[in-house]
Amino acid sequence: MDNELLKNEAVTLEEIVFEHRNKEYGAYVLRKKFRKFLLIAFLISFFSVGGAVMVPYIKALNNRGKSVVLVKSTVVSMENIKANDEIPPPPPPPPPPPPAAEAQVKYVAPVVVDSVKVEVEFATVSEAKETVTNEPVPDKIEVVKVEEAAIVEEEQVFIVVEEQASFQGGSVDQFRDWVTKNLKYPTIAIENGISGKVYVQYAVNSKGDVVDVKVVRGVDPSLDKEAVRVIQSSPKWEPAKQRGTKVKQQFTIPIAFQLQ
0 MDNELLKNEA VTLEEIVFEH RNKEYGAYVL RKKFRKFLLI AFLISFFSVG
50 GAVMVPYIKA LNNRGKSVVL VKSTVVSMEN IKANDEIPPP PPPPPPPPPA
100 AEAQVKYVAP VVVDSVKVEV EFATVSEAKE TVTNEPVPDK IEVVKVEEAA
150 IVEEEQVFIV VEEQASFQGG SVDQFRDWVT KNLKYPTIAI ENGISGKVYV
200 QYAVNSKGDV VDVKVVRGVD PSLDKEAVRV IQSSPKWEPA KQRGTKVKQQ
250 FTIPIAFQLQ
């Protein structure tokens with residue numbers, strides 16, 4: 000029978016070695032499939048190497064039509080730099096801005112009577128003689144008539160007179176009380192702690208009106224404004240008299256604003 004196999008089939012080396020042995024698994028199966036495994040391994044290696052070689056080539060072909068961007072480099076010259084040159088320290092950081100002032104709302108009484116001191120002073124007779132010379136008052140005020148308008152002669156101002164101007168028929172103390180009652184301490188001055196004495200000059204004309212009010216020595220705009228306001232709001236006075244004629248008299252009153 001062995002001779003028949005040699006005649007009818009091409010006998011391989013594995014058939015001769017594993018004749019009369021188990022051929023279902025083991026070394027026989029490995030030897031039979033060795034060529035197949037070798038071919039598969041060769042094909043895998045071939046395609047792997049070929050892919051690694053072809054991928055860069057394919058990318059180069061795809062990028063052939065794209066533009067190339069040239070980056071311009073900057074060269075810094077170090078010729079003028081010396082090793083012993085001292086590098087100046089960086090400037091100090093700017094100081095932090097001051098914290099924003101927080102708005103505070105508080106109630107402040109608009110009228111402060113107990114904390115306001117009002118003083119009224121009048122020029123002495125000697126001081127008046129140095130500045131103003133009393134002249135006899137004419138019986139009549141001459142009026143010069145002009146075709147378009149009448150010009151009235153300006154009233155002469157007196158400091159010392161025979162009969163002082165009086166406030167509502169009372170004394171100077173009565174006017175002081177009226178000023179104290181109607182004076183309002185400015186809120187902004189209270190919040191900022193501002194105090195001081197404001198000297199206000201005014202005059203009472205022959206009609207009894209308070210005119211020519213101005214600050215001759217101030218402390219703060221808010222206090223000055225309030226002092227002028229209260230004097231301007233004064234009611235009518237009884238005019239001063241010189242030789243029986245009503246005249247214009249000038250006064251200076253210091254108003255002291257004090258915080259307690």
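Residue numbering for the sequence shown follows numbering that gives the first Met the number 0, starting at 0 and increasing by one per position. Idealized CB from N, CA, C, for every residue including glycine.
Buried or exposed (CB count within 10 angstroms, at least 16 for buried), residue i
i	result
residue 272	This structure cannot settle anything about residue 272, because the visible part of the chain is limited to 0 through 259.
residue 51	exposed
residue 94	exposed
residue 248	buried
residue 203	buried
residue 90	exposed
residue 96	exposed
residue 59	exposed
residue 215	exposed
residue 246	buried
residue 158	buried
residue 178	buried
residue 41	exposed
residue 47	exposed
residue 232	exposed
C-alpha gap between residue i and residue j, whole angstroms
i	j	result
residue 43	residue 34	14 angstroms
residue 109	residue 170	Unreliable placement is indicated for residue 109, whose pLDDT of 40 sits below 50; no coordinate value is reported for it.
residue 218	residue 236	28 angstroms
residue 228	residue 242	33 angstroms
residue 208	residue 188	30 angstroms
residue 181	residue 224	14 angstroms
residue 174	residue 251	13 angstroms
residue 258	residue 176	19 angstroms
residue 234	residue 153	22 angstroms
residue 165	residue 213	20 angstroms
residue 45	residue 36	14 angstroms
residue 92	residue 191	33 angstroms
residue 38	residue 61	34 angstroms
residue 155	residue 183	33 angstroms
residue 244	residue 211	21 angstroms
DSSP-derived helix/strand/coil call for residue i
i	result
residue 164	coil
residue 156	strand
residue 192	coil
residue 80	Note that residue 80 scores a pLDDT of 36, beneath 50, so its modelled location is shaky and nothing firm can be said.
residue 259	coil
Assumed close pair residue i, residue j - CB separation to whole angstroms, cut-off 8 angstroms
i	j	result
residue 221	residue 185	4 angstroms
residue 201	residue 230	5 angstroms
residue 239	residue 163	6 angstroms
Task: Segments assigned alpha helix (DSSP H), at least 4 residues, entirely inside the segment 196-253 - done: Entirely contained in the segment 196-253, the alpha helix (DSSP H) runs reaching 4 residues are, in chain order, 220-231.
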